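Chains as they are written, first to last, in my numbering: chain A, 4 to 230; chain B, 1055 to 1318; chain C, 27 to 375; chain D, 14 to 458.
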Amino acid sequence: MATYAEMREIYDEIRGDFRYDHELNGCLNCGVCTATCPSAQFYDYSPREIVQLLWTENVEQIYDAMQEKIWACAQCMTCAARCPFKNSPGGLVMIMREVAIKHGMQSAKDVLRPFGRVMLKLITTGNQLSPDMIQPDHFPDWGPNIQKVEGDLKTLRKAIPVRTLQTVETAWEVSLKTSVEMYTIWEMTGVLAALEAMDENLFDVIEDFIDEKREEYDDWLEEQEDD
Amino acid sequence: MAIHEKSLIDPARLVTSEKLVVDGVDVSGHWNTMILPRTLRDYDADFEKVIQGYAGGENVHRCWQCGSCTNSCTMYGQNTDFNPRYWIYLTRLGLKDELLKDKEIIWQCVSCNRCTNICPKDVRPEGVMKALAHWIEHEGFGEKSKSSIFDEEFARQCLDRGRIEDMEVLTGFFSQTKQISGTGIGGLLDAINKLAWFKELVFRMSKANDLFSGKIMRFLTRTPISAQIHMGLAMFVKPRTKSWGRTGDVLRQYIKEQKEAAHG
Amino acid sequence: MSDTVLVVGAGPTGLSAAAGVASVGKKVILVEKENVLGGAPILSGYAKLVPSGEWAKDAIGRMVKRVEGDSNITIHKGTKVTKVDGDAGNFNVTLSNGTTVNVGAVILGTGFTHFDSINKPEWGFGTFEDVLTTTQMEQMVATGKITCPSDGRVPERVAILLCVGSRDRQIGREWCSKICCTVSTNLAMEIKELSPTTDVFIYYMDIRTFGLYEDKFYWKSQEEFKTKFVKARIAEVTKSPDGRLLVKGEDTLVKRPIIIPMDIVVHAVGMDPNEDNPEISKTFGVGLEKHGFLERGEHYTSTFSSTRRGVYVGGSALGPDDIDTCISHGLAMAMRAVGDLNAMVQKAA
Amino acid sequence: MSENTNQGQGIAGHGSFFQDTNLSRDDALKATDWVRKHVDKRTIDLGERMDDIRDHMWELEKDGQIIVHRITDLHEPVDVTTLFGWNKRVPTTKLWHHKSCGQCGNIPGYPTSIMWFMNKFGAKPGEDYLDETDQTSCTAWNYHGSAIGNVEALAAVFLRNFHQAYVSGKQHGFELGHFFPLVHCGTSFGNYKEIRKYLVESAELRERVTKILGKLGRLVDGKLVIPEEIIHYSEWLHVVRNKIASEHQTIDVSNIRVTVHAACHYYKMVHEDAIYDPEVMGGNRTAVGTSMAKALGAQVIDYSTWYDCCGFGFRHIISEREFTRSFTMDRKIRVAREEANADVMLGIDTGCITTMDKNQWIGKAHNQNFSIPIMADIQFAALACGADPFKIVQLQWHASPCEELVEKMGISWTQAKQNFESYLKEVEAGNIEYLYNPELALGGR
């Protein structure tokens, strides 16, 4: 359990985000956000409650909500579209999630673990969903008809009449230069550092991958000069 | 895959088949788990009238949810789940299922009437608590509460003889609630034997500690001996109110008619 | 120097102001853009007024008769003011019908515009026939029969949604429209009176039946007419396959989402600034406050002044208000205008 | 009524008389006509309280802080109206396809149908539209799903991609800004609009990302490039819908019952920017998606959970699947099936289509045996215009029973499938058909 000072620090960080005053103007406690919230239909989760906690600066319960509740949000942003005060509970949750990551909270680590494959794809290739991720044996609950035509994935992808889509490991073909530019963005904006704090193993894998791609790109540049 | 926010789901709303194969695909366990929504889908418009038909519930419709009753409630101080304002709200909208979730505590109202005293709209929340407890019993949603057993024993003596005998009410209540066996003197001794708090109460009331510690004079001057003798006698000789006659039967008949008129 | 007073708008405020000025023997020019006098209560066909319970046509009709029969009052219907030159005590005013008049003071009783529910599409107005506004429902009450517009059945349940077009930053309406709680509780009683089998639910954030309207409307509707009050602001209204409407909200006292079937949903529409206010502001040279209503001047000693000397503003042009208050504003403005003109005459003498 | 207790007295000193009133139903309706008038007054004098971010963009450009990637006559824009009655210009040609990772990876018939239509309109690949490899996804899925990412990173990704869109014209022999970005994904669309808002509002954020973009060589004259409008593909489809219906439709779909699921991130994020059209659902619901179905003459059926999310939830669809499947079954699939008895549910976004398409089958596990074909508005339109269900519309990747819809439209699924299976043999032999000249696809290594 965190000390009050730690919890206060976490709250202050949420409060200090530049978006905070845009996302939270006050609260009429009207419940419109929770009414439209898909998560509230199934979880004991209420955007109204999140807003109330932040609005009343209830640092203990804010910390408590970050242990579990904030991860129930589906980020559909219906709450933001409806709120008569023009708050964005979903946006506030996003800030809280970012702060949870920054503080290496256990809840964030737990949530991220099964999401690792998606993160790996994204950070290394710039697109999350690749055809090779959606295989029947990965998701038995999607049923046996996940594909209506027999055939190996490679051929089926080749049968898509757009050149950039004839890929298997990425959703579309991304040029090497693009990927390398993206790595720079990750580094400069602290995304890689956040990942390192969350999941060191995944970070190591990604870092190796990035190094390899950068080398490949440098080699290619040299080849161009030689030509 | 475990649901990360599982503690936010009422277990009764999680549906899972441990072993399941559909269309040749093994989807055992979490692969087939479904969650049932917790949305409230309707009101029972007649329920408020039902509660108004019970003694004490007549003014439930006046409530405007200010919360004074709950704020002032003796029981709320002990247990924040004891929330008269909330139950009154549920009653008004007919959210019976929600109400029944609290059926084990509603009867605990101690009838201190602080709520009724403070209520700005004269809802008489204390009466509503009583009405709800009776409705729960009457509809068979819960076992007969201890407070009802007590009330019934109390009422029985009133109706039989036009008065009550404290010790008889107590031992009757204890034995009917299976806390002791037997009534009368035997029951009393059993209660002293089995119920530590009761023993303490009897000793303190009778200043028996003075007697055992040798302070005889203090015992004699401070103990209401005559009252004790009176209570003791009343265990054997049960006095009736003068000219009570058939009054009890008439009252019983009246109560029966009233109940029938209220609840069919 | 003229001691004639121009009154703009012939609703409760303007009618009261005109009668007030005339009652002390001064001339009044009354200008109304519509062809009918009476303002919103007449133009929008209000039924029984709060709090008197009198029919709008009777009560406001009386006010109209009073000014129509007064020889001190000249009425221009279907007319707008197009130009106001000069200063307090000596305004040269041009009307859209070509008339020019010289007046000493101008009283603006230009009122408000009803919120148009179409601007909250998720609440189903304009999509479902059985979603109505308070005014429409009032009219249904006036016909003496409560039925669902879609198929004529008697509704089992009517939901009244408060704060439609009020207290809503999404659509730039941050104000409380002040009267809708009272109007809605009154409506709930009227519905129950005509249709005893209908249950009325009012969905609210908080109830603002100000002053003496509290027990006369709110308590009475609850205690005598068994109106149910649900603490939820409805988020969306949709239709269920059986033809009933579904209101979706969070019951914030039970802390659970709700989706409840209803037969009629009534929007308690709020009061917008008069949609002509930008034009009014320009023509009369008066300021608008941040929501778009007309701006008050210094109120404590120069009561009901606008931001331009000699131009007074009152009633719902200043912000949402009830009819009784608007009538009082009108009379107060008459007093203020005539008083200021008198002072000017004395000073000049 | 009415009892007038003060009959003849009037108000203090002013005698007047009046008569009882009871409006007839017709009179009452007449009196309340004003409420039936569809006058959109959202724009009344909202002043600074309802900000149009685009106004601030022009100011920033004037200040020399940014370059606005303009929509010009070259893009043959069509004007449409958004929620607040504001104008939005939707370009119809010279478009830079900003693809969606979820679509390309999982519902490839989505982008292929878009390009197929552009070719139908006679657009020249490489001149009238461009599909290149120099682009990443918006990365907002990861951001919303796991919070790995932050506003600065999202802003840098946004600006990097849109800088490329801006300069791609030059790279392909045209002017700067020749190609205008067309965003295929709903989440990208919502995210970009949100990020654009932050960028315009926060000088600090602009300063921070300018450094990054500078390092990447992605500034023009040292300035950030921000597009005039963020355009979603279904907005493009909305403005070309009548052209599609009148010039290209070959199949009568008047017997098809359609339900539409509008994506949350299309019309709920930065909602003032979503398109509303008085002719579509009375202007009360966002127009896109629905407008296409209506233009084709299909029966659009409303349903009670229209406003609901699909249950995607970003991380939920991967790791909290219990929620996703329960929500989509209870609030979407069951309702479209039982309530609307629809033949198809049309989506306008990646996540929704994946969610609703893939999570139906498992309903069987708990007696929720509801199923309904799921596809994008553009795929449905392509089918109605005679596109091949496999080669173009790529329905082989869908799990929902699209066969049923295709057959009901009078297209033989079996025949099409046979054709496609023989085509697969051709593909293996290297005889691949393209919508797009492969040479033009590459935006460099």
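Note that the Cβ used here is the ideal one computed from N, Cα and C, for glycine as well.
Everything numeric in this text was worked out from a predicted model, so none of it was measured.
{"Check": "Endpoints, alpha helix (DSSP H) assigned at D:W426", "Outcome": "426 to 441"}
{"Check": "Members of the region 310 to 325 of chain D that neighbour chain A once the beta carbon cut-off is set at 9 Å", "Outcome": "Y320, D321, C322, C323, G324, F325"}
{"Check": "Where B:C997 falls, given that 16 or more other Cβ within 10 Å makes a residue buried", "Outcome": "Lying before the first or after the last residue shown, residue 997 of chain B is absent from chain B, which here runs from 1055 to 1318."}
{"Check": "Beta-bridge partners of C:K265, as assigned by DSSP", "Outcome": "C:L271"}
{"Check": "Any C-beta of chain B under 9 Å from that of C:M72", "Outcome": "Note that residue 72 of chain C corresponds to Tyr in the displayed sequence, not to Met. Closer than 9 Å: no."}
{"Check": "CB-CB length for C:D348 against C:I205, believed under 8 Å", "Outcome": "5 Å"}
{"Check": "Cβ of A:N32 within 9 Å of any chain C Cβ", "Outcome": "yes"}
{"Check": "Three-way DSSP call (helix, strand, coil) for D:V301 in this model", "Outcome": "coil"}
{"Check": "Per-residue burial, A:N204 [other beta carbons within 10 Å of its own, 16 or more giving buried]", "Outcome": "exposed"}
{"Check": "Cβ shell of B:L1154 (< 7 Å), same chain only, five flanking positions each side left out", "Outcome": "F1195"}
{"Check": "Cβ of C:D412 within 9 Å of any chain B Cβ", "Outcome": "The requested residue 412 of chain C is not part of the displayed model; chain C covers only 27 to 375."}
{"Check": "C:H140, enclosing beta strand (DSSP E) - first and last residue", "Outcome": "138 to 140"}
{"Check": "Closer than 9 Å to chain D by CB, A:D221", "Outcome": "no"}
{"Check": "Own chain partners of A:E199 with C-beta closer than 6 Å, once the 5 adjacent residues on each side are dropped", "Outcome": "F206"}
{"Check": "Three or more C-beta pairs below 8 Å linking the region 308 to 323 of chain C and the region 1114 to 1129 of chain B", "Outcome": "no"}
{"Check": "Cβ pair B:Y1108, B:G1148 closer than 9 Å", "Outcome": "no"}
{"Check": "Three-way DSSP call (helix, strand, coil) for D:H245 in this model", "Outcome": "strand"}
{"Check": "As assigned by DSSP and simplified to three states, the class of B:G1131", "Outcome": "helix"}
{"Check": "Complete alpha helix (DSSP H) runs within the region 311 to 374 of chain C (minimum length 4 residues, chain order)", "Outcome": "349 to 374"}
{"Check": "Where C:T105 falls, given that 16 or more other Cβ within 10 Å makes a residue buried", "Outcome": "buried"}
{"Check": "Exposed unless 16 or more other CB atoms sit within 10 angstroms - verdict on C:F138", "Outcome": "buried"}
{"Check": "Closer than 9 Å to chain D by CB, B:S1071", "Outcome": "yes"}
{"Check": "Beta carbon proximity, B:W1085 to chain F, threshold 9 Å", "Outcome": "The structure shown contains no chain F; its protein chains are A, B, C and D."}
{"Check": "Length at least 3, wholly inside the region 103 to 176 of chain D: the beta strand (DSSP E) runs in chain order", "Outcome": "108 to 111"}
{"Check": "Within 9 Å, strictly: CB atoms of D:T125 and A:P134", "Outcome": "no"}
{"Check": "The region 57 to 65 of chain A / the region 352 to 362 of chain D touching (three or more Cβ pairs under 8 Å)", "Outcome": "no"}
{"Check": "Any C-beta of chain B under 9 Å from that of D:F327", "Outcome": "no"}
{"Check": "Distance between beta carbons of D:T363 and D:G115, contact taken as under 8 Å", "Outcome": "4 Å"}
{"Check": "Same chain only: Cβ atoms within 8 Å of C:A375, ignoring 5 sequence neighbours per side", "Outcome": "none"}
{"Check": "Short CB-CB distance (under 9 Å) between A:E71 and chain B", "Outcome": "yes"}
{"Check": "Interfacial residues, the region 107 to 141 of chain D to chain C, with Cβ spacing under 8 Å", "Outcome": "none"}
{"Check": "One or two residues paired with A:M142 in a DSSP bridge", "Outcome": "First, the residue type needs correcting, since residue 142 of chain A is Phe and not Met in the sequence shown. BP columns for A:F142 are empty, so no partner."}
{"Check": "Any C-beta of chain B under 9 Å from that of D:D370", "Outcome": "no"}
{"Check": "Below-9 Å beta-carbon distance, A:Q78 vs any chain B residue", "Outcome": "no"}
{"Check": "C:Y229 in three-state terms, based on DSSP", "Outcome": "strand"}
{"Check": "C-beta atoms of C:K257 and C:Y230 nearer than 9 Å", "Outcome": "yes"}
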